[in-house]
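Each protein sequence line maps, in turn, to chains A and B. Reminder that position 192 of the first sequence reads as 177 in the working numbering, one-by-one numbering, no gaps. Reminder that position 5 of the second sequence reads as -10 in the working numbering, one-by-one numbering, no gaps. Just so you know, even glycine gets a beta-carbon here, dropped at the ideal spot from N, CA and C. Remember, predicted model here, so these are calculated numbers, not experimental data.
There are 2 protein chains.
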Amino acid sequence: MKLYDSGGPNPKVVRMFLAEKNLTIPTVKVDMAGGENRKPAHLARNPSGTLPVLETNAGNFISEVTAICEYLEELHPTPALIGATPEERAVTRMWVRKLDLGICEPMANAFRFSEGLSFFRDRLHTEPEAAPGLKRLVQVNLKWLDAQLEGKTWIVGSRFTLADILLYAFINFFSKNGQPLDPALERVGAWFQAVKARPSSAS
Amino acid sequence: MKLYDSGGPNPKVVRMFLAEKNLTIPTVKVDMAGGENRKPAHLARNPSGTLPVLETNAGNFISEVTAICEYLEELHPTPALIGATPEERAVTRMWVRKLDLGICEPMANAFRFSEGLSFFRDRLHTEPEAAPGLKRLVQVNLKWLDAQLEGKTWIVGSRFTLADILLYAFINFFSKNGQPLDPALERVGAWFQAVKARPSSAS
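Dropping the structure here:
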């Protein structure tokens, strides 16, 4: 296996996932700031031009962090970060999609369309007019999540999972880049600090 | 198992998935038009208030169609609609997330914020100002997908998968509701007709 890596929230998801599994795999840094990910060599790995990408044992190039983490968990099931049973995996996947669609992707698009506009406008399609609405949508969904965290340690309950890693990596990046975490969201704030306290958060 | 079902694109994904697997499970219709999904009985099943929801054998309530379909595939692996190997599953999951984030969710949000506004404005958070930008983003991503379909029968290549079902259900619904499929996207158009020709598309 080989991981094509860079800065940004998505690559951090995979690095944290690997660290939690105590796995090390060969890594190639792709110069995203220099636009290397939008050039033919990387587009051949991933026509979306995004990072990270995992080159699998069979030579497939897998992009999209949830797909990469699922693959890693299939090959290295312990410790389970998605789940040890179909029921556990279903609960984790449910939360991962709720976070991905309701928080992570609108948060990232809002950034690409506003604070990140000068960087992204020549690299992908941007819609500046949509940024304020997407930011408000994210805040509404984070407030909803705050209520859902009542009585829970981690996003799915008592298991630390990919859902925690995914949301942590996104909030960690975007809270410093135009979408600060509202201090009124006390449960989200406490959960964020609990993830940050794990050694993997430095990955 | 028990499926809580309704109209709309997401529930259709699960019904098509079940039909392709030749599975029948007990189904309860929830009156989405009448707002039953936003009342306490359904919110106890799914705090997001969305449909469908699968009640599993162990009594968990699973929302989010990708999580539901993964669970169904784990219990009924044949025919494989996600994949028969970790490599196959990784490729399918990669495409499912590309479609979910780049096309399906912005398409659905654009609808909720425009043609669907009078229905949704009292049911969830809406951002009308973001609708035109999200619609344009979807068109850009569909054009990208059209190029990716060159030489392929299905989204991932030669295997019919959850990726096809997901995108079909969304285009089928929203192309009749304010986001018509651009006839210039010839490969997407041919692919759409190929999915429509499968008996499961009537589910």
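For Thr70(A), there is no enclosing alpha helix (DSSP H), as DSSP marks it with neither H nor E.
Chain order gives the chain B residues near Gln133(A) as Pro32, where near means a beta carbon separation below 7 Å.
Taking C-beta atoms under 8 Å as the contact rule, Phe105(B) and Ala116(B) fail to qualify, at a distance of about 11 Å.
Residues of the region 82 to 94 of chain B whose Cβ lies closer than 7 Å to any Cβ of chain A, in chain order: Arg82, Lys83, Asp85, Leu86, Glu90.
Membership of Asp149(A) in the alpha helix (DSSP H) is indicated by the continuous run 147 to 159. In the structure shown, Ser103(A) falls within a helical segment according to DSSP collapsed to helix, strand and coil. Apart from sequence neighbours up to five positions away, the residues of its chain that approach Pro(-4)(B) with a beta-carbon distance below 6 Å are Asp(-10), Leu36, Pro37, ordered along the chain.
Exposed is the label assigned to Gly136(A), since fewer than 16 other Cβ atoms lie within 10 Å of its Cβ. For Glu55(B), the enclosing alpha helix (DSSP H) stretches over residues 50 to 60. Distance check between Phe46(B) and each of Asn45(A), Glu90(A), Ala75(A) places Ala75(A) closest, using alpha-carbon atoms only. Residue range 25 to 30 is occupied by the alpha helix (DSSP H) that includes Leu28(A), with no beta strand (DSSP E) assigned at that position.
For Ile10(B), the closest alpha carbon among the candidates Met1(B), Leu(-12)(B), Thr63(B), Val(-2)(B) is that of Leu(-12)(B). Any Cβ of chain B closer than 8 Å to the Cβ of Ile47(A) would place that residue at the interface, and such an atom is present. According to the DSSP secondary-structure assignment, Val38(A) is paired through a beta bridge with Tyr(-11)(A), Ser48(A).
Neighbourhood of Thr51(B) in chain A, by CB distance below 7 Å: Arg78, Arg82, in chain order. The continuous stretches of alpha helix (DSSP H) do not include Lys137(A), and DSSP gives it neither H nor E. Under the Cβ distance rule, Thr41(B) counts among the residues neighbouring chain A, one pair being separated by less than 8 Å. Under DSSP, Thr12(B) takes part in a beta bridge, and its partners are Leu(-12)(B). At a cut-off of 8 Å between C-beta atoms, His61(A) does not count as an interface residue with respect to chain B. Remark: C-beta atoms of Leu66(B) and Phe155(B) do not approach each other more closely than 8 Å.
Gln178(B): member of the alpha helix (DSSP H) spanning 171 to 181, first to last residue.
Listed by position along chain A, the residues whose Cβ is nearer than 9 Å to that of Leu3(B) form an empty set, because the closest Cβ is around 16 Å away.
With respect to the 8 Å criterion, Leu60(B) and Pro71(A) are classified as neighbours on the basis of their beta carbons. What Gly118(A) touches in chain B, judged by beta-carbon distance under 7 Å, is Glu112, Glu114, Ala115, going in chain order. Non-local C-beta neighbours of Glu5(B) in its own chain, meaning closer than 8 Å and more than five positions away in sequence, comprise Pro64, Leu66, Phe145, Ile150, Arg183, Ser185, ordered along the chain. If you look at Met92(B), you'll find it in the alpha helix (DSSP H) that goes 90 to 97.
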